[in-house]
Amino acid sequence: MLLSPDVSAGGSAGIAENSWLFDAASDDVDTHCANLGRWRLDYDQISCGAFRGTFTEVRLPGLQVFRETTSQKVRQYGLLGSDSFGIALPWNTQTDINFNGACMSPGNVITCFDAEVDMCTPPEFELRGVVMDAALMEKTLAALQIELPDGLWHQLRELKTDPSAIDRVRQLLACVHQIVEQTPQILDDVDARQHLEDNLLTEVIDLLPTLQPCDDLRGGNARKRLVERACTLMLARPDEPMSILDVCKGVGASRRKLNYCFQDVLGSNPIHYLRAVRLNRVRRELKQCIDEQIGVYDIAVKWGFWHFSQFSLDYKRHFAELPSETLRRARMLHS
0 MLLSPDVSAG GSAGIAENSW LFDAASDDVD THCANLGRWR LDYDQISCGA FRGTFTEVRL
60 PGLQVFRETT SQKVRQYGLL GSDSFGIALP WNTQTDINFN GACMSPGNVI TCFDAEVDMC
120 TPPEFELRGV VMDAALMEKT LAALQIELPD GLWHQLRELK TDPSAIDRVR QLLACVHQIV
180 EQTPQILDDV DARQHLEDNL LTEVIDLLPT LQPCDDLRGG NARKRLVERA CTLMLARPDE
240 PMSILDVCKG VGASRRKLNY CFQDVLGSNP IHYLRAVRLN RVRRELKQCI DEQIGVYDIA
300 VKWGFWHFSQ FSLDYKRHFA ELPSETLRRA RMLHS
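Just so we're aligned, residue 0 is where the sequence shown starts under numbering that gives the first Met the number 0, counting upward by one.
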């Protein structure tokens, strides 16, 4: 097994990797995203505090088993990869997840069948699941003459079923990660990995026909569209932040409606969410800044932070370090 530190301008990661296992830990949300491999996802850190993330992937012949933890509330958006099918279970949490324009119950199942991902996860969150090629899943279902419930194709959905069926998948996922932590040498054997894949595929395929949509897709999509229009407006001119009244006029919604749509979709009010996104954008620019003529203040002003002392306080509260520390580390790494 290879073990190496992977240091970027935003933080550091410890990575362990061999032919069937990838295991990484990081202290920066962008470094964490980079560890997700072929998943084309972006994360914004929404809550305040130091970030810690881990990502473990067990690579079997036809599918991948994953476990992800994040210490802060984050918005995740993007793709799992072209033509991918994923099924995931929130783990050890009683906190609702903002998902598809609504609050998802942590006892339900997430499926993503060749679709975009967009959800907000709470602090101290863990997600476990399986990802495989969508074509493989379609072929297997066709061979077994199993039909998926309506509304799963090309959708990100919250689904419910008999808790005992979910528990069987949950127990198998727990077993996989127990093996990784306690007796990983078992999976050095290719036959053992194939046997594990067969068991996982059987449980997932048995689960799929029993799943029932429980999210209000039409209402959720309407709320998501309104929030996306508002976010586009608010970020159109980041150096001149809009007032909430102007945003309400721009999207044709009352302040009350805008607030509850943001709460359902992102778990935050518009002002807090916009500030968090702008702070994330500043941080990314600081990590990429190699021009000695550009300072923290130049980048802060670009994103509408005109009061520098307040900006520094907000930045440190959000990321647990000063913006000057982010920039200094970035320039040391680029030099």
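From the three backbone atoms N, C-alpha and C, an ideal C-beta is built for every residue, glycine too.
DSSP beta-bridge partners of residue i
i, result
"Phe84", "Phe112 and Met131"
"Lys336", "Any question about residue 336 goes unanswered here, given that the chain covers just 0 to 334."
"Lys159", "Gln211"
"Pro89", "Leu126"
"Phe54", "Ala23 and Glu67"
"Met103", "Ile96"
"Gln44", "Val73"
"Cys119", "Arg74 and Asn97"
"Arg39", "Leu78"
"Gly218", "None, per the DSSP bridge assignment."
"Leu62", "Met131"
Exposure of residue i, with buried meaning 16 or more beta-carbon neighbours within 10 Å
i, result
"Arg327", "exposed"
"Ser83", "buried"
"Arg236", "exposed"
"Ile185", "exposed"
"Lys248", "exposed"
"Ser3", "Unreliable placement is indicated for Ser3, whose pLDDT of 43 sits below 50; the coordinate value is still reported in the next sentence. Classification of Ser3: exposed, given that the 10 Å Cβ count is below 16."
"Ser163", "exposed"
"Val189", "exposed"
"Lys138", "exposed"
"Ala114", "buried"
"Trp19", "buried"
"Ile289", "exposed"
"His333", "exposed"
"Met0", "Low confidence applies to Met0: its pLDDT is 44, below 50, so where it sits in the model is not reliable enough to give any reading."
"Ala142", "exposed"
"His31", "buried"
"Met136", "buried"
"Asp313", "buried"
"Asp197", "exposed"
"Leu202", "The amino acid at residue 202 is misidentified as Leu; the sequence shows Glu. The residue in question, Glu202, is buried, as its Cβ has 16 or more Cβ neighbours within 10 Å."
"Ser308", "exposed"
"His317", "buried"
"Thr182", "exposed"
"Arg37", "exposed"
"Ala134", "exposed"
"Arg217", "exposed"
"Gly85", "buried"
"Glu180", "exposed"
"Asp22", "buried"
"Asn220", "exposed"
"Glu67", "buried"
"Ala173", "exposed"
Integer-rounded CB distance, given that residue j should sit under 8 Å from residue i
i, j, result
"Leu62", "Val108", "That belief does not hold up - the Cβ atoms of Leu62 and Val108 are roughly 16 Å apart, past 8 Å."
"Asp245", "Gly303", "Not confirmed; about 14 Å, so no contact."
"Val175", "Val28", "Wrong, their Cβ atoms sit about 26 Å apart, outside the cutoff."
"Ala275", "Asp26", "So it is not a contact: roughly 18 Å between Cβ atoms."
"Ala252", "Leu225", "6 Å"
"Gln71", "Val116", "With 8 Å as the limit, Gln71 and Val116 do not qualify as a contact, their Cβ atoms being about 18 Å apart."
"Asp297", "Ala101", "Not a contact, Cβ separation roughly 40 Å."
"Phe112", "Gln154", "6 Å"
C-beta contact flag for residue i and residue j at 8 Å
i, j, result
"Arg39", "Leu78", "yes"
"Asn91", "Glu125", "yes"
"Arg228", "Val250", "yes"
"Pro121", "Thr94", "yes"
"Leu171", "Leu59", "no"
"Ile243", "Arg254", "yes"
"Leu257", "Pro269", "yes"
"Gly266", "Cys47", "no"
"Ile178", "Leu88", "no"
"Ala329", "Lys286", "yes"
"Ala24", "Thr53", "yes"
"Met103", "Glu157", "yes"
"Ile204", "Leu140", "yes"
Chain C contact for residue i (CB, 8 Å cutoff)
i, result
"Leu171", "No chain C appears in this structure, which consists of one protein chain only."
Near the ligand GDP: residue i beta-carbon under 7 Å from a heavy atom
i, result
"Gly52", "By its list of ligands, the structure shown contains no ligand whatsoever, and the ligand GDP lies outside what it can speak to."
Any chance the region 204 to 219 sits against the region 148 to 162, with 3 or more Cβ pairs inside 8 Å? yes
Three or more C-beta pairs closer than 8 Å, one from the region 268 to 284 and one from the region 313 to 326: is that the case here? yes
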